[in-house]
Amino acid sequence: MNVEELVRDTLREQAAEQPSAGPGFADRVLAVRRRRRTRRLAAVAAATAAVVAVAVTVPLLDSGKSDVRPAGVVQQNGITGHPDQSPPRLLVAAGQTALAAYYTWRTVPQTDDRGIGVRTYWLLDPGTGTYVKDSRWSFVAVAPGLRTAAVLEQNLPVRRIGLLDLATRKVERWIPVEHRVGALAFSYDGTRLLATTYDENPDVRAKAQNDKGGWDWGPAFATSSRTGFYDLGVASGKGSWTGVVSDRNDIARGDFSFSRTGDQVYARVIGDRDGTQQFYDLDGAKIAAPADEKYLRADVDARLSPNGRLAALGLTKEVAPGKSYSSIRDPRTGKEITKVRGGDLLAWADDRRLIAWERASGLDEPYRARLVLVTIGSDKIVPLSGVQKDMYDELKAWQPVFARR
Amino acid sequence: MDAELQESFREFVDGRSSALLKTAVLLTGGDRHAAEDLLQNALIKAAGRWQRIDEPEAYVRQVLYRQQISRWRLKWRRRELSVPEPPEARAAPDTTSAADLRLVLRAALSRLTARQRTVLVLRYFEDLPEADVARLLGCSVGTVRSTTHRSLARLRTLAPELAALAPAPGREQPPSRDYSPVEVRP
Numbered sequence: 289m290n291v292e293e294l295v296r297d298t299l300r301e302q303a304a305e306q307p308s309a310g311p312g313f314a315d316r317v318l319a320v321r322r323r324r325r326t327r328r329l330a331a332v333a334a335a336t337a338a339v340v341a342v343a344v345t346v347p348l349l350d351s352g353k354s355d356v357r358p359a360g361v362v363q364q365n366g367i368t369g370h371p372d373q374s375p376p377r378l379l380v381a382a383g384q385t386a387l388a389a390y391y392t393w394r395t396v397p398q399t400d401d402r403g404i405g406v407r408t409y410w411l412l413d414p415g416t417g418t419y420v421k422d423s424r425w426s427f428v429a430v431a432p433g434l435r436t437a438a439v440l441e442q443n444l445p446v447r448r449i450g451l452l453d454l455a456t457r458k459v460e461r462w463i464p465v466e467h468r469v470g471a472l473a474f475s476y477d478g479t480r481l482l483a484t485t486y487d488e489n490p491d492v493r494a495k496a497q498n499d500k501g502g503w504d505w506g507p508a509f510a511t512s513s514r515t516g517f518y519d520l521g522v523a524s525g526k527g528s529w530t531g532v533v534s535d536r537n538d539i540a541r542g543d544f545s546f547s548r549t550g551d552q553v554y555a556r557v558i559g560d561r562d563g564t565q566q567f568y569d570l571d572g573a574k575i576a577a578p579a580d581e582k583y584l585r586a587d588v589d590a591r592l593s594p595n596g597r598l599a600a601l602g603l604t605k606e607v608a609p610g611k612s613y614s615s616i617r618d619p620r621t622g623k624e625i626t627k628v629r630g631g632d633l634l635a636w637a638d639d640r641r642l643i644a645w646e647r648a649s650g651l652d653e654p655y656r657a658r659l660v661l662v663t664i665g666s667d668k669i670v671p672l673s674g675v676q677k678d679m680y681d682e683l684k685a686w687q688p689v690f691a692r693r
Numbered sequence: 010m011d012a013e014l015q016e017s018f019r020e021f022v023d024g025r026s027s028a029l030l031k032t033a034v035l036l037t038g039g040d041r042h043a044a045e046d047l048l049q050n051a052l053i054k055a056a057g058r059w060q061r062i063d064e065p066e067a068y069v070r071q072v073l074y075r076q077q078i079s080r081w082r083l084k085w086r087r088r089e090l091s092v093p094e095p096p097e098a099r100a101a102p103d104t105t106s107a108a109d110l111r112l113v114l115r116a117a118l119s120r121l122t123a124r125q126r127t128v129l130v131l132r133y134f135e136d137l138p139e140a141d142v143a144r145l146l147g148c149s150v151g152t153v154r155s156t157t158h159r160s161l162a163r164l165r166t167l168a169p170e171l172a173a174l175a176p177a178p179g180r181e182q183p184p185s186r187d188y189s190p191v192e193v194r195p
């Protein structure tokens, strides 16, 4: 074999590995084209208006401050944001990550002071780039690629897992399970599905006194009914169940997630600090954290960067409304490498950019945030969503679910 | 673009976008997101002329190739060369099995310039003769020939593991020094 033949083989092999462009690519192209044309026309109109304003009177120069982009759309370098929409109605995405779904909470009372939290999901329709309400599901995990979601029906825990085609909204396959499931998570590569099993509904809520002297529904701090996990192959639907003994450090909803490699699982537990995580091997035994995940926090969802070299950690300072910083650390040593804008790092868009919540309300006001794109080494942010109306009101606050595109 | 044209555009994209995306990924050196952007821009350009295009696929491919090269030439968007994997992460296996060599070569391909990679994709993935490559890229056959030669030489430099391979049959050894494009009429 010579170099030319090897180049030929290598290119063909690389091409053959590429997944298809996915449904809705044509619509995406047409939508971007429409937006660009609108922007061009708006720019021409704004330029004309500016010329007229100058000709008429000097004070009207202020009109030049207006942004020529269509209101509420950010579209640049793979970033799609809608800073006027909360919750989003149209696709929010940056780099390799998209907002695949979001959900709101409501509590269904069981007694005077106890209830069950129920999620209502809005799932991304990949064809139209819109979020569509789908009340059938109590729990949704979206696989990388945004084509498939794993879903659980209402009244957790349940005895079957659905694999939903996001384009058609039809369940392509049901996976029946013996142990009842209350949570789902895909492996990083999307080939395996981790299903956490519970004996009782893990979303128990209790009434708690709020700051204003009234009562709100909140987490019940109930004991864990978690029993273990299923490790299932997504293609085959087959796998095995592993029992994990709960102890007093386990929280009511202590869902398992795969580590980056998929060789271990972890769950959030009660510990010395917020976001403490406990790792387990695939036989259910407690183990130490893998070397590059031991400094991560279970309550900072972004975790490791795509190349695995950076770890997203928690809030370090809030200097003003809309200006907070989180820590980026070396995953092996735990040492801070830099700080990045954003109060709560949710997902990596690529190896330098992350999607985060950034506070929009004053420091002495109730916390209200919006989704933003932050960049390591830059103080600039790009708003991706509108500001949450009330993050303490479970009916109004929406919770994002991200997946790689 | 009226409804009928939009329908025909959608039909084309649905049928051909996966194949076009494969080419775009190769042109961007394995960067899937850059490839999607590249293809999206080419398709937007095609959509603007849809009524007047006789051979959509040929048109879109030509836009892909030329856009990729001009993107590199103008250092569009970013100044640094973006590669999907950091150079130090490049695999350097001890073995020289075909699979290992392909991995090594893939990393080396991602470090070529866009122009070099585009010429190799056209010559060895699309299997186009030099004259067709020259026509597509708007340059001379001599430039295609010299760029191909230089690209293969650069691959050998980037991936010393390729030294074990035989030279191409019926071809002379690559020259030891770099040389400028020369107009050569076939």
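As given, the protein sequences belong to chains W and E, one line each in that order.
Heads up: the first sequence runs through residues 289 to 693, numbered per the working numbering.
Heads up: the second sequence runs through residues 10 to 195, numbered per the working numbering.
Just so it is clear, CB atoms sit at the ideal spot from N, CA and C, and this is done for glycine as well.
Query raised in the report: Can you list the residues of chain E that residue 308(W) reaches, using a CB-CB cut of under 7 Å?
Result: Within the first sequence, numbered from 1, the residue matching residue 308(W) stands at position 20. Those are 27, listed as they occur along chain E.
Query raised in the report: Expressed to the nearest angstrom, what Euclidean distance is found between the alpha-carbon atoms of residue 458(W) and residue 452(W)?
Result: Locating residue 458(W) in the first sequence gives position 170, counting from the first residue. Locating residue 452(W) in the first sequence gives position 164, counting from the first residue. Looking at the two C-alpha atoms, the distance is approximately 6 Å.
Query raised in the report: Looking at the unbroken beta strand (DSSP E) that takes in residue 294(W), where does it start and where does it end?
Result: Position 6 of the first sequence, counted from the first residue, corresponds to residue 294(W). Segment 291–305 is the alpha helix (DSSP H) holding residue 294(W); no beta strand (DSSP E) there.
Query raised in the report: What residues from the segment 667–686 of chain W come within 8 Å of chain E, judged by C-beta to C-beta, listed N to C?
Result: none
Query raised in the report: Applying a beta-carbon distance threshold of less than 8 Å, which residues of chain W neighbour residue 130(E)?
Result: Here residue 130(E) refers to the residue found at position 121 of the second sequence. Those within 8 Å of residue 130(E) in chain W are 299.
Query raised in the report: Whole-angstrom Cβ separation of residue 307(W) and residue 415(W), contact assumed at under 8 Å?
Result: For this step, residue 307(W) is matched to residue 19 along the first sequence. For this step, residue 415(W) is matched to residue 127 along the first sequence. That pair is no contact at about 17 Å.
Report task. Determine the burial state of residue 106(E): buried for a count of at least 16 other Cβ atoms within 10 Å of its Cβ, exposed for fewer. Result -> Position 97 of the second sequence holds residue 106(E). Per the 10 Å Cβ criterion, exposed.
Report task. Give me the Cα-Cα distance between residue 692(W) and residue 616(W), rounded to the nearest whole angstrom. Result -> As a first step, residue 692(W) must be located in the first sequence, where it is residue number 404. As a first step, residue 616(W) must be located in the first sequence, where it is residue number 328. Computed Cα separation, rounded: 21 Å.
Query raised in the report: So which residues on chain W does residue 143(E) lean against when the C-beta distance must stay under 8 Å?
Result: Here residue 143(E) corresponds to residue number 134 of the second sequence, with the count starting at 1. Within 8 Å Cβ-Cβ: nothing; residue 143(E) doesn't reach chain W, min ~18 Å.
Query - Under the three-state DSSP convention, the category residue 544(W) falls into - result: Along the first sequence, read from residue 1 onward, the residue named residue 544(W) stands at position 256. In this structure, residue 544(W) counts as coil in the three-state DSSP scheme.
Query raised in the report: Could one say the Cβ of residue 383(W) lies closer than 8 Å to chain E's Cβ atoms, at least one of them?
Result: Along the first sequence, read from residue 1 onward, the residue named residue 383(W) stands at position 95. Closer than 8 Å: yes.
Query raised in the report: Does residue 661(W) come within less than 8 Å of chain E when only Cβ atoms are used?
Result: One-based indexing of the first sequence puts residue 661(W) at position 373. For residue 661(W), the answer is no, since every Cβ of chain E falls outside 8 Å of its Cβ.
Query raised in the report: Should residue 395(W) go down as buried or exposed, given a rule of 16 or more other Cβ atoms within 10 Å for buried?
Result: If you number the first sequence from 1, residue 395(W) lands on position 107. Counting Cβ neighbours within 10 Å, residue 395(W) comes out buried, since at least 16 surround it.
Query raised in the report: What first and last residue would you give for the alpha helix (DSSP H) that runs through residue 31(E)?
Result: Counting from one through the second sequence, the residue named residue 31(E) turns up at place 22. Where residue 31(E) is concerned, the enclosing alpha helix (DSSP H) stretches over 12–36.
Query raised in the report: Hey, how far is the Cα of residue 18(E) from the Cα of residue 59(E)?
Result: The residue given as residue 18(E) occupies position 9 in the second sequence. The residue given as residue 59(E) occupies position 50 in the second sequence. Cα-Cα distance, rounded: 7 Å.
**Report entry** Cutoff 6 Å; reference residue 283(W); Cβ partners in own chain excluding five residues on either side
**Finding:** A question about residue 283(W) goes unanswered here, because the residues of chain W that appear run from 289 up to 693.
Query raised in the report: Any Cβ of chain W within less than 8 Å of the Cβ of residue 56(E)?
Result: Numbered from its first residue, the second sequence carries residue 56(E) at position 47. Closer than 8 Å to some Cβ of chain W, the Cβ of residue 56(E) qualifies, so yes.
Query raised in the report: Thinking C-beta only, is residue 593(W) closer than 8 Å to residue 646(W)?
Result: In the first sequence, residue 646(W) corresponds to position 358, counting from 1. In the first sequence, residue 593(W) corresponds to position 305, counting from 1. Cβ distance not < 8 Å, so residue 646(W) and residue 593(W) don't count as in contact.
Query raised in the report: Are the CB atoms of residue 117(E) and residue 167(E) nearer to each other than 8 Å?
Result: Here residue 117(E) refers to the residue found at position 108 when the second sequence is read from its first residue. Here residue 167(E) refers to the residue found at position 158 when the second sequence is read from its first residue. It is a contact, given that the beta carbons lie within the stated cut-off.
Query raised in the report: Do the segment 373–390 of chain W and the segment 463–481 of chain W meet, that is, are 3 or more Cβ pairs less than 8 Å apart?
Result: no
Requested in this report: For residue 452(W), name the three-state secondary structure that DSSP assigns.
Outcome: Start at 1 with the first residue of the first sequence, and residue 452(W) comes out as number 164. If DSSP states are grouped into helix, strand and coil, residue 452(W) belongs with the strands.
Query raised in the report: At a cut of 8 Å, does the segment 494–503 of chain W reach the segment 522–533 of chain W through at least three beta carbon pairs?
Result: no
Query raised in the report: Given 8 Å as the limit, is there contact between the segment 399–410 of chain W and the segment 654–668 of chain W, that is, 3 or more CB pairs closer than that?
Result: no
**Report entry** Neighbour list for residue 380(W) in chain E, Cβ cutoff strictly below 8 Å
**Finding:** The count along the first sequence starts at 1 and reaches residue 380(W) at position 92. None at all; the shortest Cβ gap to chain E is about 16 Å.
**Report entry** Residues near residue 448(W) in its chain [Cβ-Cβ closer than 7 Å; skip 5 each side]
**Finding:** Stepping through the first sequence from its first residue, residue 448(W) is reached at position 160. 462, 463, 464, 465, listed in sequence order.
Query raised in the report: Within 10 angstroms of its Cβ, does residue 170(E) collect 16 or more other Cβ (buried), or is it exposed?
Result: Counted from its first residue, the second sequence places residue 170(E) at position 161. Residue 170(E) is buried by the Cβ-count criterion.
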